[in-house]
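Working notes, beginning with the structure itself.
Numbering (mature numbering (1 follows the signal peptide of the UniProt record, and there is no 0)), first residue to last: -25 to -1, 1 to 236.
Spelled out as structure tokens, the structure:
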């Protein structure tokens, strides 16, 4: 009888392990303490670690379109919207002082969720490297075509591959849950190494991308973190409402854990 019980327990454990969600035990082994972190503890303008850029230099703010500041331990990226243009993107990214090559990046943030707004937290190849094939990792993107309980994570390839010079492909995955609200604080994270990319929300799996499934894997170089709050364009494909402006994206902290060798 005793042996029967032990056999039953063993079978239960095996079946339970097989039934775990795919990717449950997957992770990139990293150092326990962050290689660097930003808590936005000082008031006023962001530190020299952060550089502000606009994808379109002609639209750099001179008329109160945005305000970027630190207050009460939070980074605020505020889109004011005093402009007649229907598309604008305020973007911040880490400087070259922080170059991430494999590991885990985690960002605690909350984003506005109204018509026309387009917030994003993403990784791109460190500026100035210009590899033949570049990667982009979107930890989160939201547009008002989504409900507040849904967002998109994405893996992009840009550059020369598959016989094309300026090629671009993307492999999005969507997270949707009734209890989730993108307008509240959440921890968005990405882990990556030579074999895989993993994106999670509050430690819950969003998706895994494996190197073996792609024509090229663009992570042999370093990456930087980008934080942005866009308005219009793709983000307004389901309409926009200027009466809902201004809107602010708030970032509580950022942590990067270096991958173990």
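By construction, the Cβ of each residue, glycine as well, lies at the ideal position given by its N, Cα and C atoms. Note that the coordinates shown come from a computational prediction; the quantities given were computed from them, not determined experimentally.
Under the three-pair Cβ rule at 8 Å, the segment 183 to 193 does not count as touching the segment 206 to 214.
Between the segment 102 to 111 and the segment 155 to 166, the count of Cβ pairs shorter than 8 Å is below three; the stretches do not touch. Distance from the CA atom of residue 139 to the CA atom of residue 114, rounded to whole angstroms, is 27 Å. For residue 111, DSSP records a beta bridge to 99 and 131. In this model, residue 203 and residue 25 are separated by some 12 Å (Cα to Cα). Burial is judged here by how many other beta carbons sit within 10 angstroms of a residue's own beta carbon; residue 143 has fewer than 16 and is exposed. Taking the Cα positions, residue 176 is about 11 Å away from residue 152. Exclusion of the five residues before and after residue 155 leaves 124 as the residues of its chain whose Cβ lies within less than 7 Å of its Cβ. With respect to residue 225, residue 85 sits close: the two C-beta atoms are nearer than 9 Å. If you ignore the 5 residues before and after residue 170, its C-beta comes within less than 7 Å of the C-beta of 185 and 186, all in its own chain and listed in chain order. For the pair residue 71 and residue 199, the Cα-to-Cα distance works out to about 8 Å.
Shortest Cα-Cα distance from residue 132 to any of 192, 182 and 181 involves 192. Nearest Cα to residue 126 within the set 197, 80 and 148: 148.
When secondary structure is reduced to three states using DSSP, residue 4 falls in the coil class, being assigned neither helix nor strand. Residue pairing by DSSP places residue 159 opposite no residue, since no beta bridge is assigned to it.
Boundaries of the beta strand (DSSP E) around residue 28: 25 to 28. Contact between residue 173 and residue 2 holds: CB atoms are separated by about 7 Å, below the 8 Å threshold.
In summary, residue 159 is exposed, with fewer than 16 beta-carbon neighbours lying within 10 Å of its beta-carbon over all protein chains present. If you compare the alpha carbons of 104, 20, 196 and 218 with that of residue 55, the shortest gap goes to 218. A direct Cα-to-Cα measurement between residue 76 and residue 194 gives close to 7 Å.
Cα atoms of residue 51 and residue 117: separation of roughly 17 Å, rounded to the nearest angstrom. Rounded to whole angstroms, the separation of the alpha carbons of residue 49 and residue 90 is 24 Å. Residue 40 sits buried, since 16 or more C-beta atoms from the chains shown fall within 10 Å of its C-beta. Of the other Cβ atoms in all chains shown, 16 or more fall within 10 Å of the Cβ of residue 101; this residue is therefore buried.
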